[in-house]
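Asker: Dumping the structure here so I can ask a few things about it.
There are 2 protein chains.
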Amino acid sequence: MAEYQVIFQPSGRRGVIAEGTTLLAAARSLGVSIEALCGGARACGKCRVIVAEGKFEKLGINSAMSHLSPVTAEESRLLTEDERERGYRLACCAEVRGDIVLTVPEESRQSKQVILETGRERLFAIDPVVKAFPLTLSEATLDDARDDARRLLDGLSSSYRLDGLSLNWEALRALPETLRNGGWNVTAIVSERQESREVIRVVASGSAAVLGIAIDCGTTTLAAYLCDLADGEVMAKASRMNPQISYGEDILARISYARSEKGGREKLFHAIIDAVNDLAAELTSKAGFSMSDVYEMVLVGNTAIHHFIFDLDTSYLGRSPFAPAVRGALNVRARDLGIKIWPAANIHSLPIEAGFVGADNAAVILAESPYDSDELRLIIDIGTNGEIVLGSRGKLFSTSCATGPALEGAQIAFGMRAAPGAIEKIRIDDATKEPRYKVIGMEKWFPDIEETSARGICGSGILDAVAQMYRAGIVNAAGRINAKCDSKRIRKGESGKLEYVIAWASETAIHRDIVITQADIRAVQLAKAALYVGAEYLLEKYGAERPDRVILAGAFGSYIDKESALTLGMFPRVELSRVCAVGNAAGDGARMALLSREKRMEIQREAGKVAVVETAVEPDFQKKFMNAIAFPPI
Amino acid sequence: MAEYQVIFQPSGRRGVIAEGTTLLAAARSLGVSIEALCGGARACGKCRVIVAEGKFEKLGINSAMSHLSPVTAEESRLLTEDERERGYRLACCAEVRGDIVLTVPEESRQSKQVILETGRERLFAIDPVVKAFPLTLSEATLDDARDDARRLLDGLSSSYRLDGLSLNWEALRALPETLRNGGWNVTAIVSERQESREVIRVVASGSAAVLGIAIDCGTTTLAAYLCDLADGEVMAKASRMNPQISYGEDILARISYARSEKGGREKLFHAIIDAVNDLAAELTSKAGFSMSDVYEMVLVGNTAIHHFIFDLDTSYLGRSPFAPAVRGALNVRARDLGIKIWPAANIHSLPIEAGFVGADNAAVILAESPYDSDELRLIIDIGTNGEIVLGSRGKLFSTSCATGPALEGAQIAFGMRAAPGAIEKIRIDDATKEPRYKVIGMEKWFPDIEETSARGICGSGILDAVAQMYRAGIVNAAGRINAKCDSKRIRKGESGKLEYVIAWASETAIHRDIVITQADIRAVQLAKAALYVGAEYLLEKYGAERPDRVILAGAFGSYIDKESALTLGMFPRVELSRVCAVGNAAGDGARMALLSREKRMEIQREAGKVAVVETAVEPDFQKKFMNAIAFPPI
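Same order as they appear, the protein sequences are chains F and X. Quick note on numbering: this note's numbering labels position 278 of the first sequence as 584, and the sequence is numbered without any gaps. Quick note on numbering: this note's numbering labels position 239 of the second sequence as 545, and the sequence is numbered without any gaps.
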């Protein structure tokens, strides 16, 4: 059989292709992504390519429309006359009959821009685990009394070349009815993972929404995204508190609860599963769909949360040698976990790295892909547990730090979440020690207005307050409030310790003075020291003085004043312009794993390469930590 | 590297093997089955082979003990001195260092005799889907903080060369605790099926019972077997009525109930699952085990029962073109079906052939393996639905016949199950028309005793009665009772139709006359005609006059008088010596599929080749059926 040169532009991929091969098959064999929603069934008209006619001397090839099979009836129908004149063909129809150069126009390329939380964009092919395949099957007759399952699988094979699929029990149960009620026009929902390739549902054609949910399960907050798996669009967002909080504010408290209380582990498991179900219900109802339209869910969380979600034994997570039950990516059926989306849907967790460096950190790494970067990046994901990654192409280190909840506004005298009424920014005059502050939900700063709706201080406000108090000499390098500092705002609090008044009762909505206490400052010191020491160890392991770039991930990271963070020494000193915030990168990474099989594989590969550093067992940890407590760190 | 000739006797398999290869690995590469329970971990001492020393001229080889590596410590421990002197070695220890001839003694061969229901034996390798692998793992330390799942999978890989396994969620949940409580000595329960290879449970070593259950789910009766998957032994048997009977005596009634009653399908599903659970509880309790020790279950049943068990839509089974929801072998997790054995256990159904020719028939075919036979076999499985197979190597036909429940003693005036008190054999004197009969549970025949415990007539008794009535001239060729026949036992019954008294009230335990009515004879006629016509069509399709052998399967088949069956024309006339009964062949086949992966594959392959004949749609069906009603068939 004759063979010809085929070149695809703009990628320039080329190869020798046998006569009679369709352009779609040729593209696939050369690794060129062309959109073909119908899988090459000549039905969707998406796989448009443009024939480049002429002599391409550099490429050493003569290309002509006549080097392809004649225009088919489907192409006449799916392409306009104008398009056909401009050289458009459908890759699924046109067959190679000579050397040819083709351009794959932007709209036919499988890659799509996906907008991340912070508005940044990422380019990757939308290629989710679950896809819908419309089918028209022939009716069962006495002469063709194939069983319904075989008929469906044969249809998927002949229309989409999907071979070797199995049919999940859940899909099988309603199959006879669905086939006959739909007049043999149905849509098969197919899940293709490495370990299993199966039809998970069959619905009447025309009604198939194929949705997925990604949830970043934080120690304190769950942030969920409902996505259309066909195009990656976020259809709804929702968040809520992690209800496990009632069993312990921090992770160690919850691990202890799970181990020591009767039925503790079950309670923690059910609490988070209930919250996941509530989120799924809220998301689908917001977007006008049913929970059973959700066919895949990606959950990420730190190692303990991950273990709680999958009802795994957490007893040994908190003790040396901190071995998790499982590190690899997990896949469990929704039905088994009691998650009330489509029962045969898969619940996927990204791999965890080790000990406390969890799947949420893997998601951050996927979103920020430092393994593809030449510059040395320090990625700090600030939550109730801080997780830090340092590295560049070929070498990644990570660790987790017990920052405590201070930076989220918890366990702070007047701490609150970053919600309307929270003081989020503070400046203190060096001379007068008088503050100016801004409240979320109000445009102007106090005292440019007489009254505020202030009810408390959120994480970024606390960080600002402490940094400004240090700059103004209210707090010394050791973090102690200076009693000799001349200001009526410095006073003894109820506990007998000093405090600084940010807002007088009359200015606030709560009619109480809003203060920063000595204990609050201590909490900020502990948090920032934990992060600083973590980064220090990673730099030491990597063998670098300082990172090229500092990336602040997590909601908190997006709001803090970078200068305040630098002032306090939350991370090693770099130029201000080299610090950037990327929002909920864990959520972004979870969405990427939801939408792209390649990205899912990528993080399984890369997470295994991350070297995890357990700082707590380093011999000089205490010394380093004490040094890092100071402003700035010693 | 040097290579040597290795020959295994008695199979005579030989090959060239690299120096240093263990005999076990050599045997595997040459396709010689050697028992190695521990998988080659030098622990079980089962893989004994005997070195044949000397010059084997015919084989062209010199064999000597010195052509193997020295005796290892494990061999010294696991073999007696006497054995070692007789040339015994363990195949997992001894390595090839020269040409060698070995004998694999009977006890080391992997094939085992499995006793079938009727006491017949079948030879096949016990190689179940689920096996236990004992492991000793190294403790987790800070230097080796692999996750528990990885540690376990690494252990299975290094000790047993089991690679690429996944770890089921159910196994993962208790893994951390089990590893540490067991001092890192555990047993992994591994399920290896074509579609999935996974660890389904991890238990502390020493406690691992690996059990399986096979159930033949008949329309009327469920027969269950608890087997030790390690050696195939039947540890307990149990049976009970199919509780679906309360929703319809026959299959069509149940299909109609499932379709037309609200929640009908669910009721039928739950009824049979409850019965399966009751049987599993009874079996494991009898044998002193727990339900969670059961890791695999094989269920067989006719197509409708199969669909009810798996909660599949049966609406279209009863109408042309009779397409089932699925034909292929099914695998569903116990947890999903609500079967309360180990949750991650697999529930397997043999493939169904088509329409009404179900997985029970596939099991019969597996047990009787006509596809391996040169003689033409007619296999009749008589139940509420009769299923018939005809064929030999390379060509098999099957069909199902609506025999009705008459042959099981149901819907017969004095019909009852084959239980104590049932008249099971009857002889009628040609001249006097007086009967002699035998009651189950009594040794002597009436009238050799004065009274009996007779309460009714079971299937074999009914068949005997009708055949003897025909021979004695009480019934004519058309099946009508002859009013002119001179006997006080022939009389008008309550319905106004004639009947024949088998036992007077005074002889019975119920103090009522036990009779055979004209309607009873009609029911027997319909049943036997259905079977006869089915066999006739199969012979026609096959192109043969008569079978070489008639095999009667099912409990009924074991008890009937073959001569009566031949007299009435229940199947095409063959010599009496060519009719044999094999008991519950469906149950035997289900057990074989439980114990042998090869057998499971075999029936998946062979069931697909069976040509299913739908007799009801044949144009001359009515004519043939009317002819078959007569004694003997016309």
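All residues carry an ideal CB built from backbone N, CA and C; glycine is no exception. Since we're looking at a predicted model, the values are computed, not measured.
(1) Looking only at its own chain, which residues have a Cβ that is under 6 Å from the Cβ of Ala669(X), when we skip the five neighbours before and after it?
(2) Just grab the DSSP bridge partners of Gly360(F) for me.
(3) For Ala811(X), tell me which candidate among Phe720(X), Ser626(X) and Gly326(X) has the shortest Cα-Cα distance.
(4) Using the rule of at least 16 other Cβ atoms within 10 Å of the residue's Cβ for burial, across every protein chain shown, is Thr493(F) buried or exposed?
(5) Can the beta-carbon of Gln550(X) be found closer than 7 Å to that of Leu574(X)?
(6) Is there a C-beta anywhere in chain X that falls below 7 Å from the one on Pro630(F)?
(7) In chain order, what residues of the segment 477 to 495 of chain F put their CB closer than 8 Å to some CB of chain X?
(8) Nearest by alpha-carbon distance to Ile294(X): which of Ser864(X), Ala771(X), Leu804(X) and Lys794(X) is it?
(9) Could you spell out where the alpha helix (DSSP H) holding Met547(X) opens and where it closes?
(10) What number of angstroms, rounded off, separates the C-alpha of Asn474(X) from the C-alpha of Phe439(X)?
(11) Kindly indicate which residue of Pro630(F), Val496(F), Arg625(F) and Ser598(F) has the alpha-carbon position closest to the one of Leu558(F).
(12) Please report the residue range of the beta strand (DSSP E) in which Tyr743(X) lies.
(13) Tell me, please, whether the CB atom of Tyr622(X) is closer than 7 Å to any CB atom in chain F?
(14) Determine which residues share a DSSP beta bridge with Tyr310(X) and list them.
(15) Looking at the secondary structure, which residues open and close the alpha helix (DSSP H) in which Phe614(X) lies?
(16) Please list, in chain order, the chain X residues whose beta carbon lies closer than 9 Å to that of Trp648(F).
(17) Within a Cβ cutoff of 7 Å, which residues of the same chain sit near Thr378(X), ignoring the five residues on either side of it in sequence?
(18) Starting from Ser626(F), find everything on chain X with Cβ-Cβ shorter than 7 Å and list it in chain order.
(19) Beta strand (DSSP E) containing Lys731(F): first to last residue?
(20) Is Asp556(F) close to chain X? Criterion is C-beta to C-beta, closer than 7 Å.
(21) Based on Cα-Cα distance, which residue from Glu498(X), Ala370(X), Asp619(X) and Arg499(X) lies nearest to Gly569(X)?
(22) Going by beta carbon distance, what residues of the same chain come within less than 6 Å of Ala577(X), once the five residues before and after it are set aside?
(23) Against chain F, with Cβ distances strictly below 7 Å, would Arg565(X) count as a contact?
(24) I believe Glu602(X) touches Val436(X) by the beta-carbon criterion, under 8 Å. Please report the beta-carbon distance rounded to the nearest angstrom.
(25) Could you tell me the boundaries of the alpha helix (DSSP H) in which Val772(F) lies?
(26) Measure the C-alpha to C-alpha separation of Asp599(X) and Val516(X) and round it to an integer number of angstroms.
(27) Is it true that the CB of Glu714(X) sits closer than 7 Å to the CB of Thr526(X)?
(28) For Trp475(F), which residues in chain X fall below 9 Å Cβ to Cβ?
(29) Applying a beta-carbon distance threshold of less than 9 Å, which residues of chain B neighbour Arg507(F)?
(30) Report the neighbours of Asp453(F) on chain X: residues whose CB is nearer than 9 Å to its CB, in chain order.
(31) Which runs of the beta strand (DSSP E) spanning at least 3 residues fall entirely within the segment 389 to 473 of chain F, listed in chain order?
(32) Between which two residues does the alpha helix (DSSP H) harbouring Gly692(F) extend?
(33) List, in chain order, every chain F residue whose beta-carbon is nearer than 9 Å to that of Ser463(X).
(34) Output, in chain order, the set of chain F residues within a Cβ distance shorter than 8 Å of Arg456(X).
(35) Between Ala536(F), Leu623(F), Asp537(F) and Ala530(F), which lies nearest to Ala586(F) when the distance is taken from Cα to Cα?
(36) So, at 6 Å on beta carbons, what are the nonlocal neighbours of Gly634(X) in its own chain, with the 5 sequence-adjacent residues on each side left out?
Answerer: If we stick to the structure as given:
(1) Val606, Leu656, Ala892, Gly895 and Ala896
(2) Ser369(F)
(3) Phe720(X)
(4) buried
(5) yes
(6) yes
(7) Leu478, Arg479, Ala480, Leu481, Pro482, Glu483 and Arg486
(8) With chain X covering only 307 through 940, there is no way to say anything about residue 294(X).
(9) Run containing Met547(X): none in the alpha helix (DSSP H); it sits in the beta strand (DSSP E), Val540 to Met547.
(10) 16 Å
(11) Arg625(F)
(12) Pro741 to Val745
(13) yes
(14) Ile323(X)
(15) Thr609 to Ile615
(16) Here the premise fails: no neighbours, minimum Cβ distance about 14 Å.
(17) Cys399
(18) Leu448
(19) Ala728 to Ile734
(20) no
(21) Asp619(X)
(22) Pro549 and Gln550
(23) no
(24) 5 Å
(25) Gly765 to Arg777
(26) 6 Å
(27) yes
(28) Phe616, Asp617, Leu618, Leu636, Asn637, Val638, Arg639, Asp642 and Leu643
(29) The question asks about chain B, but that chain is absent: this structure's protein chains are F and X.
(30) Ala629, Pro630, Ala631, Val632, Arg633, Gly634, Ile658 and Ala660
(31) 394 to 396, 406 to 409, 417 to 421, 427 to 431 and 436 to 442
(32) That residue, Gly692(F), is in no alpha helix (DSSP H); its beta strand (DSSP E) goes Gly692 to Ser698.
(33) None at all; the shortest Cβ gap to chain F is about 14 Å.
(34) Val632, Arg633 and Gly634
(35) Ala530(F)
(36) Pro657
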